Structure formats: structure tokens, C-alpha cells
Amino acid sequence: MIKNIFNLRNDLPIIYYSLKNKKLPIKSKLIIAIAIIYLISPIDLLPDNFIGMGLIDDLLVVPGLLSFSKTFIPSTVLNESKEEVEKGKSKIKKDLILSIVLFATIIIISIISKIL
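In C-alpha cells:
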């Protein structure tokens with residue numbers, strides 16, 4: 000599971016391009032959607048009342064779901080996505096930085112709203 004968290008950095012761009020591919024199975028799309036909804040949802044396995052503890056489930060569940068979704072992505076789609084990643088590495092870096100900033104902002108707002 001810990002390995003999944005560290006691999007997520009490499010897998011996110013591949014999953015992103017896979018989502019854009021029309022050949023991606025519905026099952027994979029649903030699992031990825033569930034991971035994203037779980038990430039932004041106020042409902043968690045561990046409550047966010049304990050600052051920091053509520054983020055642990057996000058760090059385990061979301062990478063687990065995303066790794067699980069990769070098992071349903073056909074190899075042709077994965078290969079096409081990897082090629083797209085190689086072509087657009089500079090654009091991905093910008094998109095990834097924007098995503099991280101957005102994610103951090105959501106977490107900070109969530110923590111502040113719990114405190115107030």
C-alpha cells in the first residue's frame with residue numbers, strides 16, 4: 000500500500016491521459032470517479048476531528064483506488080497514455096503543480112473550517 004502512494008506520482012499523469020481516452024472501460028472510469036469523490040467528500044473512514052488523522056485515510060484509500068483502477072485499463076490504453084505523458088511532460092508538470100496547489104488549498108480550507 001505504501002508503494003502505491005509513492006507510485007502515484009508517476010501514475011497520475013498516466014491515469015489522467017487514460018481518462019481522456021475513449022477506449023477506457025466504464026469500470027475504470029467509475030473507480031477513478033469514486034477516488035476523486037472520496038477525496039473531496041466530507042465523509043471519511045477516519046473523522047477529520049483529529050487534525051492530521053483524518054488525512055491518513057485519504058492517503059491510503061485514494062492511491063489504493065487509483066492503483067486498483069489501473070488494473071482495469073487495457074494495455075493499449077496504458078501504452079497510448081504513457082506515450083502522451085512522454086510527449087507532454089512540460090504541460091503535465093504545470094497541470095500537476097496546479098493540481099497540487101488546488102488539493103493543498105482544499106485541505107487547508109477543510110482544516111480551517113473544522114477549527115472555526
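Each step along the sequence shown adds one to the number in numbering that gives the first Met the number 0, with nothing skipped, and position 86 is 85. We treat Cβ as the ideally placed atom computed from N, Cα and C, and that holds for glycine. Just so we're clear, the structure is a prediction, and the values are computed from it rather than from any experiment.
#1: Quick check on this structure: which residue in LEU38, GLY63, ASN20 and LYS93 has the alpha carbon closest to the alpha carbon of LEU54?
#2: Just the Cα atoms here: how many angstroms apart are GLU79 and VAL61?
#3: To the nearest whole angstrom, what separates the beta carbons of VAL100 and LYS22, a pair I think is in contact under 8 Å?
#4: Keeping to the same chain, check which residues put their C-beta closer than 6 Å to that of PRO24; ignore five residues upstream and five downstream.
#5: Using only the alpha-carbon positions, how far apart do LYS113 and ALA103 sit?
#6: With burial defined as no fewer than 16 other Cβ atoms inside 10 Å of the residue's Cβ, what is the status of ILE108: buried or exposed?
#7: What is the rounded straight-line gap between the Cα of LEU18 and the Cα of SER40?
#8: Within the same chain, show all residues whose beta-carbon is closer than 8 Å to that of VAL84, passing over the 5 residues directly before and after it, in chain order.
Concretely, from the data shown:
#1: LEU38
#2: 24 Å
#3: That belief does not hold up - the Cβ atoms of VAL100 and LYS22 are roughly 31 Å apart, past 8 Å.
#4: PHE71
#5: 15 Å
#6: exposed
#7: 21 Å
#8: PRO12, ILE13, TYR16 and ILE91
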